[in-house]
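Going by the numbering used here, the sequence shown opens with residue 179, and the numbers climb by one from there. The C-beta atom is built at its ideal place from N, Cα and C for all residues, glycine as well. What you are looking at is a predicted structure, and each value in this text was computed from that prediction instead of being measured.
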Amino acid sequence: MALCWICKTEEGTTGEHLTKRSDIKAVLGGTGPLHLHNRQRRNIKLQSLNARKLKSTAPMCNTCNSWRTQLHDYAWETLSDALRLRRPGLKHGDIVRADRIFPYDTAKQMLNVHLFFVKWLGCQIVESNIPINPPIDTFSKAIMNGTPHQNIWLAFGVSGRDGWVGSSDVGAATFASTPGTYDYLCRIYEVGRLHVRVRFSGVKLKDDWHPRDRNRFIIADLTGEHKN
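Written out as structure tokens, the structure reads:
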């Protein structure tokens, strides 16, 4: 059995949900049946939130999946709920102050959100065997050390489409990397009207947020971003 891609010491006996379980439950409910759509098939009937088809095949050990990254999961669940349930609803151009959502240890909690998406994108890179520069080991080190990944940027936005959870394909490009590797990736995480653009890049865009920044961010216009 393959070793966990994060710690590289324990066997990868578990799989991370492709979309966080709490997000699926919040938007679609906690009981089946659910229906999965992908590029190969539509309306794949699933009986539970723990169905294998809802999980990444990137190997993760139980320690990393259930303990090491647990606080990252909790932080994203809190932020996801706060942004989706905010009243009045979010609109493009709104400024979100993270200390209103995380009144204690704001910077730490936002770092945990960042690391949740480091794990999320890292699982897709490993599953799809995407060669990147800097390499996937930098994702592992960020999670293991509890430090930001210098090349992962988040942008938060809203759309007019609700009642949907999922993600886009990974867009990849090479700008300054060696041939055969990618130094740019982009993927969209969707939960209800809330979208998160996750970029692996050495360049910051105007609406991007990173843990080095202040603990506030703008709601960006992501309506033109690529989706499935």
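Beta-bridge pairing of residue 238 - partner residues as DSSP gives them: 192
Nearest to residue 298 (by Cα), restricted to the options 281, 261, 233 and 335: 233
Alpha carbon of residue 206 to alpha carbon of residue 197, nearest angstrom: Cα to Cα, the separation comes out at about 12 Å.
Which listed residue (266, 270 and 191) has its alpha carbon closest to that of residue 396: Between residue 396 and the set 266, 270 and 191, the nearest pair of CA atoms involves 270.
Contact the segment 242 to 257 vs the segment 307 to 322: 3+ CB pairs below 8 Å: yes
Assigned exposure category for residue 282 - 16 Cβ within 10 Å defines buried: exposed
Counted within 10 angstroms of its Cβ, other Cβ atoms place residue 365 as buried (16 or more) or exposed: By the C-beta density criterion, residue 365 is buried, having at least 16 other C-beta atoms within 10 angstroms.
Residue 374 - partner residues in DSSP beta bridges: 334 and 367
DSSP three-state assignment for residue 282, whether helix, strand or coil: coil
Straight-line gap, residue 258 to residue 353 (C-alpha atoms, nearest Å): 32 Å
Residue from 276, 303 and 261 whose Cα sits closest to the Cα of residue 359: 303
Rounded straight-line distance, which links the Cα of residue 201 to that of residue 268: Roughly 18 Å between the two C-alpha positions.
Residue 298 (DSSP reduced to helix, strand or coil): helix
Cα-Cα separation, residue 290 to residue 346: 22 Å
Beta bridge counterpart(s) of residue 387 as assigned by DSSP: 332
Through-space distance from residue 393 to residue 278, alpha-carbon basis: 10 Å
Rounded separation between residue 307 and residue 379 - CA only: 18 Å
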